[in-house]
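Here is the structure we will look at.
See below:
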């Protein structure tokens with residue numbers, strides 16, 4: 001047996017497993033496999049040593065009793081509305097429209113008269129977020145998402161409020177918050 | 188109390204039982220998450236979220252499938268994956284704590300560990316630090332037991348190579 005073939009059995013020995021006799025015989029006679037075994041054992045010991053240093057001695061008491069964090073309670077801004085000409089939706093269009101609340105609408109795609117609009121939103125300093133909204137059903141007319149920007153969370157809602165002649169009215173709201181010691185504060 | 192009895196107490200809303208469960212396990216979960224999220228703050232936030240949700244909606248644990256700690260670590264693994272999905276793919280810089288990794292007193296082992304793929308680091312941590320069995324690891328990672336064995340070997344070997352490489356490169360420095 002070659003050392004390369006025995007290596008997995010050396011690892012298994014570290015796990016406290018029994019291994020096939022031919023592998024055990026090879027490892028017993030091979031200095032290189034012995035050295036490997038020692039290194040694997042060292043790795044386990046070093047991981048546990050590191051964990052012992054890093055393990056918090058105590059955690060903040062009772063944080064689990066806190067009410068769930070809800071963006072709906074700390075919206076920085078209420079609903080902002082805007083109207084987008086339906087003309088924009090006629091074909092694939094690249095547009096840049098500031099929606100407020102730190103969000104920018106970068107891209108709109110929809111079929112003329114179709115039931116769905118596809119938006120691509122880009123927050124300042126963040127990455128593009130796709131957003132699909134139905135213009136016909138009340139259940140699917142809301143697009144909601146969350147993104148981490150630096151060390152803060154941005155959550156946003158975009159909702160189709162109404163369709164008028166040639167226009168779609170969108171409602172937008174967002175919040176950017178940071179967590180410090182289990183408490184959430186607006187950025 | 189055993190895991191099943193403790194779970195029943197938690198399900199019935201026993202705050203004393205849950206507090207004991209939290210105090211015993213939250214540090215371990217936080218240390219575990221610290222290895223895979225980009226900051227200590229993120230690990231603390233996700234740990235808090237896990238226990239808050241569990242207190243509010245205790246469901247999903249089945250004693251016949253593994254221990255309560257394995258169940259908890261499985262949740263932590265999923266939450267860490269969700270965190271990264273929201274944050275974007277992890278970069279090598281983000282995975283380690285640069286402040287710690289580049290500090291003068293940082294050990295070569297820490298450096299090597301931070302260069303390991305997150306899933307490999309997770310597996311080794313669960314096995315070597317948390318002492319999870321093969322079957323528990325299979326449950327946490329949602330893979331067959333045989334896969335756990337081979338992945339453990341691959342992770343251990345990769346870490347060994349990285350560690351040796353760190354050592355030799357340090358020796359070559361003037």
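Residue numbers (my numbering), protein chains in the order written: chain A, 1 to 187; chain B, 188 to 361.
Note that the Cβ used here is the ideal one computed from N, Cα and C, for glycine as well.
In this text, all values refer to a predicted model and were calculated from it rather than measured experimentally.
Pairwise C-alpha distance: residue 326 of chain B and residue 245 of chain B = 19 Å
inquiry  = Against residue 40 of chain A, what residues of chain B qualify as contacts under a CB-to-CB distance less than 8 Å, listed in chain order?
reply    = 343, 347
query = Is residue 329 of chain B buried or exposed, if buried means 16 or more other CB atoms sit within 10 Å of its CB?
reply = By the neighbour-count rule (16 or more Cβ atoms within 10 Å), residue 329 of chain B is not buried but exposed.
ask   = How about residue 121 of chain A and residue 152 of chain A: do their beta carbons lie closer than 8 Å?
value = no
request  = Verify whether the separation of the beta carbon atoms of residue 217 of chain B and residue 231 of chain B is less than 8 Å.
outcome  = yes
task = Can you tell me which of the three DSSP states residue 131 of chain A falls into?
result = strand
query = On the three-state DSSP scale, how would you describe residue 120 of chain A?
reply = strand
ask   = Would you say residue 313 of chain B faces chain A, with C-beta separation under 8 Å as the test?
value = no
key: Backbone CA spacing between residue 70 of chain A and residue 34 of chain A [nearest angstrom]   = At residue 70 of chain A the pLDDT is 42, less than 50, meaning the model places this residue with poor confidence; the figure from the coordinates comes in the next sentence. Separation of residue 70 of chain A and residue 34 of chain A (C-alpha to C-alpha, rounded to the nearest whole angstrom) is 56 Å.
inquiry  = Does any residue of chain A have a CB that is nearer than 8 Å to the CB of residue 177 of chain B?
reply    = The structure shown does not extend to residue 177 of chain B, since chain B spans only 188 to 361, so no value can be given for it.
ask   = Do you know offhand how far residue 207 of chain B's Cα is from residue 42 of chain A's?
value = 33 Å
query = Along chain A, which residues have their Cβ under 9 Å away from the Cβ of residue 218 of chain B?
reply = 51, 54, 55, 56
query = At what residues does the beta strand (DSSP E) containing residue 149 of chain A begin and finish?
reply = 142 to 149
inquiry  = Less than 6 Å between C-beta atoms, sequence neighbours within five positions excluded: which residues of the same chain meet that for residue 353 of chain B?
reply    = 295, 298, 299
query = In terms of alpha-carbon separation, which member of A:156, A:135, A:141, A:115 lies closest to residue 124 of chain A?
reply = Measuring from the Cα of residue 124 of chain A, the nearest candidate turns out to be A:156.
key: Buried versus exposed call for residue 290 of chain B [16 or more other C-beta atoms within 10 Å across all chains shown]   = Any reading at residue 290 of chain B is ruled out, since the residue's pLDDT is 41, under 50, leaving its predicted position unreliable.
ask   = Can you tell me whether residue 318 of chain B is buried or exposed, with buried defined as 16 or more other CB within 10 angstroms of its CB?
value = exposed
key: Cut-off 8 Å between Cβ atoms - residues of its own chain near residue 78 of chain A, not counting five sequence neighbours on either side   = In this predicted model, residue 78 of chain A has a pLDDT of only 43, less than 50, meaning its place in the structure is not dependable enough to derive any value.
request  = Might you give, ordered along the chain, the residues of its own chain that have their beta carbon closer than 8 Å to the beta carbon of residue 10 of chain A, omitting 5 neighbours on each side?
outcome  = Closer than 8 Å at Cβ, skipping near neighbours: 27, 33, 36, 37, 40.
ask   = Would you say residue 47 of chain A faces chain B, with C-beta separation under 8 Å as the test?
value = yes
inquiry  = Taking the alpha carbon of residue 212 of chain B as the reference point, which residue from B:201, B:253, B:260 has its own alpha carbon closest?
reply    = That would be B:260, whose Cα lies nearest to the Cα of residue 212 of chain B.
task = Give me whichever residues DSSP pairs with residue 174 of chain A in a beta bridge.
result = A:156
inquiry  = Taking the alpha carbon of residue 23 of chain A as the reference point, which residue from A:48, A:141, A:126, A:3 has its own alpha carbon closest?
reply    = A:3
message = Checking 8 Å against the spacing of the C-beta atoms, do residue 55 of chain A and residue 305 of chain B come in under that value?
response = Going by beta carbons, residue 55 of chain A and residue 305 of chain B fall outside the 8 Å limit.
ask   = Could you give the distance in angstroms between the alpha-carbon of residue 350 of chain B and the alpha-carbon of residue 229 of chain B?
value = Straight-line measurement puts the Cα of residue 229 of chain B at about 27 Å from the Cα of residue 350 of chain B.
Check whether residue 315 of chain B and residue 13 of chain A have beta carbons under 8 Å apart = no
ask   = Alpha carbon to alpha carbon, what distance is there between residue 226 of chain B and residue 392 of chain B?
value = Nothing in the structure corresponds to residue 392 of chain B, since chain B is present only between 188 and 361.
inquiry  = Please tell me whether residue 124 of chain A has its Cβ less than 8 Å away from any Cβ of chain B.
reply    = Under the Cβ criterion of 8 Å, residue 124 of chain A is not counted among the residues facing chain B.
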